[in-house]
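Structure, as structure tokens:
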Amino acid sequence: MAKSKFEYVRLFEADDKCLMNCWIVVRIDGKGFHKFSDAHGFEKPNDKRALDLMTRCAEHVMEEFSEICVSYGQSDEYSFVFRRSTELYNRRASKIMTNVCSLFTSSYLFYWSQFFTSPVQYPPSFDGRVVLYPSDANLRDYLSWRQADCHINNLYNTAFWALVQQGGLSTKQAQERLRGTVSSDKNEILFQEFQTNYNNLPALISQGHRRHS
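Residue numbers (the working numbering): 104 to 316.
As structure tokens, then:
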């Protein structure tokens with residue numbers, strides 16, 4: 104194939120090929136989703152419709168990319184684990200991340216009407232990153248970290264919105280009430296004041312959603 108004299112500009116492209124024999128993890132996060140959830144009337148502290156929509160988008164991504172072996176999601180984020188042996192897009196981080204992120208975002212709009220009756224008010228967006236984990240232990244710790252983050256955030260949000268919605272506190276008062284508390288304190292507030300056992304909440308809410316292929 105003949106090359107033009109302008110072909111040299113490709114030399115400026117950065118080499119972002121992922122290291123061999125590493126797990127490739129793509130994590131996507133909703134951009135400005137506090138504003139987005141308010142604009143679309145998401146239920147607090149968790150809207151099952153929104154969580155189910157995220158799960159459906161993740162399923163679509165996994166259907167498209169057979170190289171993904173595990174996905175894990177919570178709130179407005181999802182992680183996708185690519186097999187260590189994958190040669191997808193010649194292991195280029197930018198290609199892998201942008202394709203996953205764009206497919207997830209388009210899926211969010213495509214499946215929206217299956218979970219919400221009101222139309223989308225403005226386009227959602229997600230950012231993405233690629234992280235490499237060289238060992239199985241590193242990958243397990245990563246997934247454990249994300250699940251721990253899910254638990255910590257959801258326990259706080261569950262207690263916070265119980266104080267606001269059922270306890271009659273303002274958001275500022277609820278923040279002050281929870282300032283400096285640990286997990287056991289929040290569990291005690293939920294159980295003693297609102298007869299809620301956090302351990303009985305659906306796993307999708309308290310633990311996130313994991314899928315293997």
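Beta carbons: idealized from backbone N, C-alpha and C, even for Gly.
Asked, Found
"In the DSSP output, which residue or residues are listed as bridge partners for H315?", "V173"
"Which same chain residues, not among the five before or five after Y245, have their C-beta less than 8 Å away from its C-beta?", "V128, S182, V234, Y236"
"What number of angstroms, rounded off, separates the C-alpha of R232 from the C-alpha of K151?", "26 Å"
"Between the C-alpha atoms of I308 and A265, what's the straight-line distance to the nearest angstrom?", "15 Å"
"Contact check, I317 vs D230 under 8 Å by CB: the rounded distance?", "Residue 317 lies beyond the stretch modelled for the chain, which goes from 104 to 316, so this question has no answer here."
"Just confirm the distance between the C-beta atoms of H315 and C204, as a whole number of angstroms; I'd bet it's less than 8 Å.", "That pair is no contact at about 22 Å."
"By the DSSP assignment, the beta strand (DSSP E) with E116 in it spans what residues?", "Run containing E116: none; DSSP gives neither H nor E here."
"Quickly, what does DSSP pair V223 with across the bridge? List them, please.", "The partner list for V223 (beta bridge, DSSP) is empty, contrary to what the question assumes."
"Where does the unbroken alpha helix (DSSP H) through S309 begin, and where does it stop?", "306–309"
"By the DSSP assignment, the beta strand (DSSP E) with D230 in it spans what residues?", "229–236"
"Just the C-alpha distance for G271 and Y192, rounded to the nearest angstrom, thanks.", "53 Å"
"Counting C-beta neighbours from all protein chains within 10 Å, is the total for I255 16 or more, i.e. buried, or is it exposed?", "exposed"
"Count the other CB atoms, across all protein chains shown, that sit within 10 Å of the CB of K275; report buried if there are 16 or more and exposed otherwise.", "exposed"
"In angstroms with no decimal places, state the Cα-to-Cα distance between Y301 and K289.", "9 Å"
"Using a threshold of 9 Å, state whether the C-beta atoms of R313 and S174 are closer than that.", "yes"
"Using DSSP's beta-bridge definition, name the partner residues of V164.", "Looking at the DSSP assignment, V164 forms no beta bridge with any residue, so it has no partner."
"Could you please give me the residues that DSSP links to G133 through a beta bridge?", "F229"
"Going by other Cβ atoms of all chains shown within 10 Å of its Cβ, with 16 needed for buried, is T158 buried or exposed?", "buried"
"Can you tell which of Q269, R113, V223 has its C-alpha closest to the C-alpha of Q295?", "Q269"
"What's the C-alpha gap between S107 and F115?", "16 Å"
"For the region 137–144 and the region 214–226, state whether three or more C-beta atom pairs, one from each stretch, are separated by less than 8 Å.", "yes"
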